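Residue numbers (my numbering): 91 to 484.
In this text, a Cβ means the ideal position worked out from N, Cα and C, and glycines have one as well.
Everything numeric in this text was worked out from a predicted model, so none of it was measured.
Heads up, the thing below is written out as C-alpha cells.
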Amino acid sequence: MLKFDVVVIGAGGAGMMCAIHAGRRGRKVALIDHATVIGRKILISGGGRCNFTNINAGPDNYVSNNPHFHKSALSRYSPGDFIEMVEKHRIAYHEKKLGQLFCDGSASQIVDMLMNECDKAGATFLKGRIVREVKREAEDSNFLIHTHNETITCESLVIATGGLSIPQIGATGFGYQIAQQFGLKVVETNPALDGFNFSSADLSKFKELTGVSVDSVVSVNKVAFRENILFTHNGLSGPASLQASLYWKKGNPISINIAPDIDPIGYFNERFADGSNKEVKNILAEIIPRRLAEILCQMENIKGNVSELSEVKMRALAARLENWQITPQGTVGYKKAEVTRGGVDTNALSSTTMEAKKVPGLYFIGEVVDVTGQLGGYNFQWAWASGSAAGHAV
Ligand SMILES: Cc1cc2nc3c(=O)[nH]c(=O)nc-3n(C[C@H](O)[C@H](O)[C@H](O)COP(=O)(O)OP(=O)(O)OC[C@H]3O[C@@H](n4cnc5c(N)ncnc54)[C@H](O)[C@@H]3O)c2cc1C
Numbered sequence: 091m092l093k094f095d096v097v098v099i100g101a102g103g104a105g106m107m108c109a110i111h112a113g114r115r116g117r118k119v120a121l122i123d124h125a126t127v128i129g130r131k132i133l134i135s136g137g138g139r140c141n142f143t144n145i146n147a148g149p150d151n152y153v154s155n156n157p158h159f160h161k162s163a164l165s166r167y168s169p170g171d172f173i174e175m176v177e178k179h180r181i182a183y184h185e186k187k188l189g190q191l192f193c194d195g196s197a198s199q200i201v202d203m204l205m206n207e208c209d210k211a212g213a214t215f216l217k218g219r220i221v222r223e224v225k226r227e228a229e230d231s232n233f234l235i236h237t238h239n240e241t242i243t244c245e246s247l248v249i250a251t252g253g254l255s256i257p258q259i260g261a262t263g264f265g266y267q268i269a270q271q272f273g274l275k276v277v278e279t280n281p282a283l284d285g286f287n288f289s290s291a292d293l294s295k296f297k298e299l300t301g302v303s304v305d306s307v308v309s310v311n312k313v314a315f316r317e318n319i320l321f322t323h324n325g326l327s328g329p330a331s332l333q334a335s336l337y338w339k340k341g342n343p344i345s346i347n348i349a350p351d352i353d354p355i356g357y358f359n360e361r362f363a364d365g366s367n368k369e370v371k372n373i374l375a376e377i378i379p380r381r382l383a384e385i386l387c388q389m390e391n392i393k394g395n396v397s398e399l400s401e402v403k404m405r406a407l408a409a410r411l412e413n414w415q416i417t418p419q420g421t422v423g424y425k426k427a428e429v430t431r432g433g434v435d436t437n438a439l440s441s442t443t444m445e446a447k448k449v450p451g452l453y454f455i456g457e458v459v460d461v462t463g464q465l466g467g468y469n470f471q472w473a474w475a476s477g478s479a480a481g482h483a484v
C-alpha cells in the first residue's frame, strides 16, 4: 500500500497548484490522474497560448450560488502571485486585451512550470491511474483510494477533477460523484462559455450570416458584454456570446446591439435628410457588415430606397439594430464548452480552506466547485487561488 499525507485526484491547474503549496509545507503529496499526459486542458487553452490569468480578476467576474464564497481565496492568491511564478520561470507573456495575459510562446510552458514546481516541492505524479473506489472507514481514519492496480492511503484527499467540459480529453463527473458519496450537494451543472445554438426556424432565417462577425453588445439577465459575435452554422459564437452563455438559462432571450456606438434613429434621420436617397440596405451596410444589413432589411420587409421608408419601418429597423432579441434553443454543449457552470455546493465547503465542512480531510478545488469565471483568464485564476488555499491547509 502506498502512503501519502495528501492525495490530489486530478493533476490539472488546480491540483498541481495545491500540490506545490502542500509539498512546500513538507507534506508528502501524490497527484493521481487517469490521463498519461499532464495538463491537457492547459495545453489547449487560449488557442495554445494559455490565457493564464486576468490582471483585473475580482469576485464579480465569477458566477456561483454564493457570490461571496470565492472572495477569500481570490484575495489570498492574486494574479500578481501567479505572474511572479511565470516571471521566475522566464516565461514571456503579453496582455492581449482587457487584462488577459497570454504566453508569447506556448501553453506547454505553463504546464512545464507547474510540473517543475511540483517536482521541487517533492510531489509524486501517479499518471494513467483509474480510480475504482474511494473509501473511509471512519471520520478519523485515513482515506483509501483503490486504483486499477494499487491501494493508496492518505490523511487529506483533494478532489481537483474539473468539470464535464471537453470529455474528448478526459473530463469526467468523478468529482461530483465523490461529493455525493460523502453527502455533499452538487449544484446543477451546465455547459458554459460555449455560445448558442438557434432553433431550426431561426437558423433558416440566418443561414446566410454564417461567418459574419461584428462588434456587439450581448445582454442576458441584466449582464452585458461588448466584444465580437460570430454567426455560425448552428447559432452564435464569438467572445460576447460565449460570455453571455455563462449567464443564460433555458428559455431566456438574449438581446444583441449590433451597432453599439450608433444611435440608430439619429443616424437614419441624418442620412435620410442628406438627400442621397440610397437603398436602405446600403445605408445600413455603412455601419454593419453588408450581409447582416441585407438580412435585417429582409426581416423587416424593407426593400427600396430611403425615400420609401415609413417612420414605422425605420423605428422597427432601429429596434432590430439596438435590441435584436433571439431566444436560443440551447448552448453549444460540453464538447465545445470552456467550462462547466455549477458543481460542488459552496455551502458545503470552507471558503478559507476548501475543506468539506462535514467531512474533515476532504477538499474540493478548481472547476469542480460551483464557482465559474467569465472568459478571459478568470477560470485559471480560480484554479490557482482555490488550489493554493487548499494547499496551505491540507
Ligand atoms: C478549450 C478550452 C480553453 C480554455 N482556455 C482557458 C483560458 O485560456 N483561460 C482560462 O482561465 N481558462 C480557460 N479554460 C478553462 C480552464 O481550462 C479550466 O477552468 C481549468 O483548467 C480548470 O482547472 P481544474 O484543475 O479545476 O480542472 P482540469 O484542468 O479540467 O483538470 C482536471 C484533471 O482531472 C483529471 N481527471 C478527470 N476525471 C478524472 C478521474 N475520474 N480520475 C482521475 N483523474 C481525472 C483530468 O484528466 C485532468 O487532468 C479553457 C477550457 C477549455 C476547454
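Collapsing the DSSP output to three states places THR436 in a helix.
The segment 309–318 makes no contact with the segment 283–291; the number of CB pairs closer than 8 Å stays below 3. Judged by DSSP secondary structure, ALA473 falls within the alpha helix (DSSP H) whose first and last residues are 468–481.
Straight-line spacing of the CA atoms in SER154 and ILE455 works out to 14 Å.
Around the beta carbon of GLU428, a 10 Å sphere encloses 16 or more other beta carbons of the protein chains shown; the residue is thus reported as buried.
Taken in chain order, the unbroken stretches of beta strand (DSSP E) that lie wholly in the segment 322–376 and span 3 residues or more are 325–327, 344–347. Between the alpha carbons of ASN469 and GLY356 lies a distance of about 41 Å. DSSP links VAL396 through a beta bridge to no other residue. Assignment of GLN419 by DSSP, reduced to helix, strand and coil, places it in the coil class.
Only exposed fits ASN359, as fewer than 16 other CB atoms lie within 10 angstroms of its CB. ASP123 counts as buried, since at least 16 other C-beta atoms from the protein chains shown sit within 10 angstroms of its C-beta. Going by beta carbons, GLY325 and ALA125 fall outside the 8 Å limit.
Following the DSSP letters along the chain, one finds SER309 inside the beta strand (DSSP E) bounded by residues 303–310. Judged by DSSP secondary structure, SER135 falls outside any alpha helix (DSSP H); it is assigned neither H nor E. Note that the C-beta distance between LEU274 and GLY451 is not below 8 Å.
Between GLY103 and MET389, the alpha-carbon positions lie close to 47 Å from each other. A distance of 8 Å or more separates the beta carbons of PHE215 and VAL176.
In terms of Cβ geometry, ILE352 and ILE385 do not form a close pair [threshold 8 Å]. With a 10 Å radius around the Cβ and a threshold of 16 neighbouring Cβ atoms, ASN151 comes out buried.
CYS208 is positioned such that its CB atom lies closer than 8 Å to that of MET106. The bridge partners DSSP lists for ARG226 are PHE233. Placement of the Cβ of LYS131 at a distance of less than 7 Å from at least one heavy atom of ligand 1 is found. Between the segment 294–307 and the segment 390–404 there are fewer than three C-beta pairs closer than 8 Å, too few to call the two in contact. For PHE264, the CB falls within less than 7 Å of some heavy atom of ligand 1. In this structure, PHE272 and VAL449 form a Cβ contact; the two beta carbons are roughly 5 Å apart against a cut-off of 8 Å. Between the alpha carbons of GLU185 and SER255 lies a gap of roughly 26 Å. In this structure, GLY253 places its C-beta atom within 8 Å of the C-beta atom of GLU457.
If you look at VAL402, you'll find it in the alpha helix (DSSP H) that goes 401–412. Separation of the CB atoms of MET91 and THR237 is rounded to 11 Å, and the pair is thereby denied contact status at 8 Å.
The Cβ atoms of GLY420 and LYS340 lie closer than 8 Å to each other. Pairwise C-beta distances place the segment 109–116 out of contact with the segment 429–446, as fewer than three of them are shorter than 8 Å. Remark: the C-beta of GLU457 is in contact range of ligand 1, defined as less than 7 Å to any heavy atom.
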